[in-house]
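Chemist: What follows is a structure written as C-alpha cells; I'll ask about it next.
Protein chains: 2
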Amino acid sequence: MAAKYDSIAADLRRRIQTGEWSPGARLPNEEPDLTTEYKVSLNTLRRALDLLVSEGLIDKRQGIGNFVRPARQRTRRTTERYQWEKDRVHLPESERRATGATEQDTGLSPADLAFAVEYGTEAANVELAEAFGVAAGTRLLRRVYRTGKKGEGAPLGESTSYLLYDMVSANPDLLFAENEPWPGGTMHQLSTVGIEIDHIVDEVTARPPTADEIDRLEIPPGVAVIALRKTSVDTTGRVVEVADIVWPGDRTTLVYTTQLKRWQP
Amino acid sequence: MAAKYDSIAADLRRRIQTGEWSPGARLPNEEPDLTTEYKVSLNTLRRALDLLVSEGLIDKRQGIGNFVRPARQRTRRTTERYQWEKDRVHLPESERRATGATEQDTGLSPADLAFAVEYGTEAANVELAEAFGVAAGTRLLRRVYRTGKKGEGAPLGESTSYLLYDMVSANPDLLFAENEPWPGGTMHQLSTVGIEIDHIVDEVTARPPTADEIDRLEIPPGVAVIALRKTSVDTTGRVVEVADIVWPGDRTTLVYTTQLKRWQP
DNA sequence: GAGTGGTCTAGACCACTGT
DNA sequence: CAGTGGTCTAGACCACTCC
Chain H
1 MAAKYDSIAA DLRRRIQTGE WSPGARLPNE EPDLTTEYKV SLNTLRRALD LLVSEGLIDK
61 RQGIGNFVRP ARQRTRRTTE RYQWEKDRVH LPESERRATG ATEQDTGLSP ADLAFAVEYG
121 TEAANVELAE AFGVAAGTRL LRRVYRTGKK GEGAPLGEST SYLLYDMVSA NPDLLFAENE
181 PWPGGTMHQL STVGIEIDHI VDEVTARPPT ADEIDRLEIP PGVAVIALRK TSVDTTGRVV
241 EVADIVWPGD RTTLVYTTQL KRWQP
Chain D
1001 MAAKYDSIAA DLRRRIQTGE WSPGARLPNE EPDLTTEYKV SLNTLRRALD LLVSEGLIDK
1061 RQGIGNFVRP ARQRTRRTTE RYQWEKDRVH LPESERRATG ATEQDTGLSP ADLAFAVEYG
1121 TEAANVELAE AFGVAAGTRL LRRVYRTGKK GEGAPLGEST SYLLYDMVSA NPDLLFAENE
1181 PWPGGTMHQL STVGIEIDHI VDEVTARPPT ADEIDRLEIP PGVAVIALRK TSVDTTGRVV
1241 EVADIVWPGD RTTLVYTTQL KRWQP
C-alpha cells in the first residue's frame, strides 16, 4: 500500500501534466484548500509537495504560494564548441564581437542573453595548485561568469575560471572586468599573451547543489547539478586555465563526439 | 537563525567526517538516543537525517538502524576508452578475453568484477525509432548490462544497449546472453556482421533517479544519477547502437579530451 | 495586518527485521 | 516478540510578502 504522500504527489503530478494548472500558475493553498481536498494533515501534504519540488515540477515561494515551474531555457553544450572558439580567435574583432560561445550553446540571441562577470585574485589552494602544477599559494586571477536568459531570474550556469596571474599580467587589459565581454573570449585573451591551446580535458560529475548554488542558480533542493572541471593545456604542455562550471542538471545536456580511427582495409 | 534540523545535520556531518562513527558503523537510535541528545522531536531529527541521506552520507535501513555510508568504488570513464575498444577488435581472442572496458574504467581486476546481462527484444518506441532513424515498431535487440564490484551489493552502473535486430541477426551468436561476456565487447560483436564504428556521440545529463534505479543501483533518494545516451554511428553513416547508461552521480567521473587543431605558424 | 508558506512538537500507530 | 525506522495527525508559533 503506497504512502498517502506518494499518492498525493502522483495525483498532483498528473494534474500538472494534464495542464489543469498551466506553467507559472499558482496551486491552491496548502491550508486549507489542498489539505481539505486530500483529507490529510498539513505535514503529509507538504511532504508530497517536497517530492514535486525535488523533481523540479513546482516552485515554493514563502509568503506567496506554490507555482507550477515553467519550462526553462535549456543548454546543449557540444564539444565542437572548443574548436569553434579556437577558430574564431583569428577573425577580425567585428566578427568576434558579434556572438559568443554561450549563444552557441543556448540558441539565444545576444539581445536575450544576460551576462555578468566578477574578477578577483586569490592564492591557489592545494587542489588548484595541483591542477596547475604550481606551488600552493601561487597568485591566481579568478573570474566568475554568470550567463542566463533575460527575464529569467536565475542564470543558466556559473563558470569560475582560474588563470595564473603572472602569466596573464603581461597584458594588463586582461586583469579587469571592465573589458568583458571580451570579443573572442578566453582563447583570444590568452592569445594576446602568446598562448595557444592544444587540448582541453573535461571531467564531468553530478552532485547535489551546495546551499550557495541553490540560491544563485535557483536550483530546487534535491535537483542535481552537473559539475564540469575544464582544464586547458597549451602547446607547450602547460596547464593555462582551470575552470569549474556548474549547471542545473535538469536543463543541461553536454554532447561529446569521439571520432575513431579507421581500420586499415 | 538556522533551522534546528540544519544545525543538527551540520553537527552529524561533522561527527561523521571526524570519524566519530567509522564507515559502516551504526548511528545511535533516532529515538530515544538522538532526540534526547539534541533535545528535539522525532520529526525534526528525521528531517536532519533526511538531509544526510540526500547527500549520500548515511544509509537508512528500516527495522535495523542508520549507518555511515562506506566510500564506494568510483568509476572514471575516459574518452580514450572508445579508441581502445576499437583497437582491440583485431587482437587475437586470447588477448580480447583477458580484460574488458569496465576494468579500464574502474581499475578493478577481472576477478573483482561482477557482471550480469539480460537479452530481450522489443519494438522501437517513437524516441528510439528517431534515434536510429527507423520506423517506430522496428524490432530491436535490447541488452541490459550491470557491472559492479564483487561484495558490493549494488552495481556501479547499468547500461541498456539497443541494436537493430535485423542487422545483428546475420550472426545468430549475437542474439543470446549465453555468449556474454563477449571477448572484445560490442565493437567486436558488430564487426562480425561487417560493421565498423566511425564515431560515437555521448549526450550527458543529470537527473533524479527513478524509483527503479533507487532500488537497483542503491542510490539514496535525492542523490542524482548521470545519464548518458551513447549513439554509435558506423562508417556508412548509419546509427548502429543506441545505449542508455546510468551511474550514481556521486561516484562517477566522465572524462572527455578535446584535441584542437594547431594555428598555422 | 492579513495571508501565505516554514518549523517544530507530542503522541499515535504501522511496517520491517532479527531473535 | 522486541526493537527499529516509517507514516500520519492536530495544533502551535515563526518568517516572509504584499497591501
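Chains as they are written, first to last, in my numbering: chain H, 1 to 265; chain D, 1001 to 1265. Heads up, the beta-carbon is just placed ideally off N, CA and C, and yes, glycines get one too. In this text, all values refer to a predicted model and were calculated from it rather than measured experimentally.
For H:A123, which residues from the same chain have a beta carbon less than 6 Å from its beta carbon, with the 5 sequence-adjacent residues on both sides left out?
Modeler: Excluding sequence neighbours, H:A123 sits near G137.
Chemist: Less than 8 Å separating the beta-carbons of D:P1248 and D:V1225?
Modeler: Going by C-beta atoms, D:P1248 is nearer than 8 Å to D:V1225.
Chemist: Please check if any C-beta of chain D sits within less than 8 Å of the C-beta of H:K86.
Modeler: So, interface residue.
Chemist: With a cut-off of 8 Å, does the C-beta of D:T1035 fall near any C-beta of chain H?
Modeler: No - not a single Cβ of chain H is within 8 Å of the one on D:T1035.
Chemist: Quick check on DSSP: helix, strand or coil for H:T192?
Modeler: Three-state DSSP puts H:T192 in coil, outside helix and strand.
Chemist: Looking at C-alpha atoms only, which residue of H:D105, H:T106 and H:L140 is the closest neighbour of H:Y119?
Modeler: When only C-alpha atoms are compared, the closest one is H:L140.
Chemist: What would DSSP say about D:L1049, mapped onto helix, strand or coil?
Modeler: Reduced to three states, the DSSP call for D:L1049 is helix.
Chemist: Would H:K230 be called buried (16 or more neighbouring beta carbons within 10 Å of its own) or exposed?
Modeler: H:K230 should be labelled buried.
Chemist: Could you compute how far the alpha carbon of D:V1201 sits from the alpha carbon of H:Y5?
Modeler: Their Cα atoms are separated by approximately 40 Å.
Chemist: Span of the alpha helix (DSSP H) holding H:V168?
Modeler: From DSSP, the alpha helix (DSSP H) with H:V168 extends over Y165 to V168.
Chemist: Could you tell me which chain H residues have their CB closer than 8 Å to the CB of D:I1200, listed as they occur along the chain?
Modeler: In chain order: T257, T258 and L260.
Chemist: Taking C-beta to C-beta, are H:G185 and H:E85 nearer than 8 Å?
Modeler: Result yes, Cβ atoms of H:G185 and H:E85 sit closer than 8 Å.
Chemist: Using a Cβ cut-off of 7 Å, pull out every chain D residue sitting near H:Q83, in sequence order please.
Modeler: L1260 and K1261, listed in chain order.
Chemist: Hey, how far is the Cα of D:G1032 from the Cα of D:N1043?
Modeler: Note that residue 1032 of chain D corresponds to Pro in the displayed sequence, not to Gly. D:P1032 and D:N1043: Cα-Cα distance of roughly 12 Å.
Chemist: Please confirm if H:T253 has its CB atom under 8 Å from at least one CB of chain D.
Modeler: H:T253 counts as touching chain D.
Chemist: For D:E1203, write down the residues that DSSP places opposite it in a beta bridge.
Modeler: According to DSSP, which records beta bridges pairwise, D:E1203 is partnered with H:V255 and D:R1229.
Chemist: For the region 1040-1070 of chain D, which residues have a beta carbon sitting closer than 7 Å to at least one beta carbon of chain H?
Modeler: Within the region 1040-1070 of chain D, the qualifying residues are S1054 and E1055.
Chemist: I want to see whether chain D comes within less than 8 Å of H:A170, judged by CB atoms only; does it?
Modeler: Taking Cβ atoms only, chain D never reaches closer than 8 Å to H:A170, which makes this a no.
Chemist: So D:V1223 contacts chain H; which residues on that side make the cut at Cβ distance below 9 Å?
Modeler: Those within 9 Å of D:V1223 in chain H are A206, R207, P208 and A224.
Chemist: Strictly below 7 Å CB to CB, what residues from chain H border D:G1249?
Modeler: Near D:G1249 (Cβ distances below 7 Å), the residues of chain H are T205, A206, R207 and A224.
Chemist: Quick one: measure Cβ to Cβ for D:L1175 and D:E1241, integer angstroms, because I've assumed they're closer than 8 Å.
Modeler: Not confirmed; about 15 Å, so no contact.
Chemist: Tell me, to the nearest whole angstrom, how far the beta carbon of D:G1157 is from that of D:I1214; I am working on the premise that it is less than 8 Å.
Modeler: About 14 Å; that fails the 8 Å criterion.
Chemist: Tell me the start and end of each unbroken beta strand (DSSP E) in the region 101-189 of chain H that is at least 3 residues and wholly inside, in chain order.
Modeler: Segments of the beta strand (DSSP E) lying fully in the region 101-189 of chain H: 113-123, 139-149 and 157-164.
Chemist: So, at 8 Å on beta carbons, what are the nonlocal neighbours of D:G1065 in its own chain, with the 5 sequence-adjacent residues on each side left out?
Modeler: Closer than 8 Å at the Cβ level, and outside the excluded window around D:G1065, lie R1026, L1027 and N1029.
Chemist: Could you pull the start and end residues of the alpha helix (DSSP H) that H:A284 belongs to?
Modeler: One cannot answer for residue 284 of chain H here, as it falls past the ends of chain H, which runs 1 to 265.
Chemist: In three-state DSSP terms, what is H:R216?
Modeler: H:R216: helix per DSSP, three-state reduction.
Chemist: At a cut of 8 Å, does the region 1076-1083 of chain D reach the region 1252-1262 of chain D through at least three beta carbon pairs?
Modeler: Touching, yes.
Chemist: Does DSSP put D:T1036 in a helix, a strand or coil?
Modeler: DSSP places D:T1036 in helix when its eight states are reduced to three.
Chemist: Using only the alpha-carbon positions, how far apart do D:Y1145 and D:E1180 sit?
Modeler: Each residue's Cα considered, the two are about 10 Å apart.
Chemist: Assuming D:A1057 contacts D:I1008 (C-beta within less than 8 Å), just tell me the rounded distance between them.
Modeler: Ala is not the amino acid found at residue 1057 of chain D; the sequence shown has Leu there. At roughly 13 Å, the Cβ-Cβ gap does not stay under 8 Å, so D:L1057 and D:I1008 are not in contact.
Chemist: Which residues mark the beginning and the end of the alpha helix (DSSP H) in which D:W1084 is found?
Modeler: Where D:W1084 is concerned, the enclosing alpha helix (DSSP H) stretches over E1080 to R1088.
Chemist: Give me the Cβ distance between H:V204 and D:T1036, rounded to the nearest whole Å; I'm assuming they're in contact under 8 Å.
Modeler: Not a contact, Cβ separation roughly 44 Å.
Chemist: Would you mind working out which of D:V1223, D:I1197 and D:H1199 sits nearest D:L1209, comparing C-alpha positions?
Modeler: The sequence as given places Pro at residue 1209 of chain D; Leu does not occur at that position. Closest option to D:P1209, Cα to Cα, is D:V1223.
Chemist: For the alpha helix (DSSP H) containing H:A267, list its first residue and its last residue.
Modeler: No statement about residue 267 of chain H is possible, as the shown extent of chain H runs from 1 to 265 and does not include it.
Chemist: Report the residue from H:Q189, H:S161, H:P183 and H:S54 whose alpha carbon sits nearest the alpha carbon of H:V168.
Modeler: When each option's Cα is compared against that of H:V168, the closest is H:Q189.
Chemist: On a CA-only basis, which of D:E1020, D:Q1073 and D:A1003 is nearest D:L1217? Give me that one, please.
Modeler: Closest option to D:L1217, Cα to Cα, is D:Q1073.
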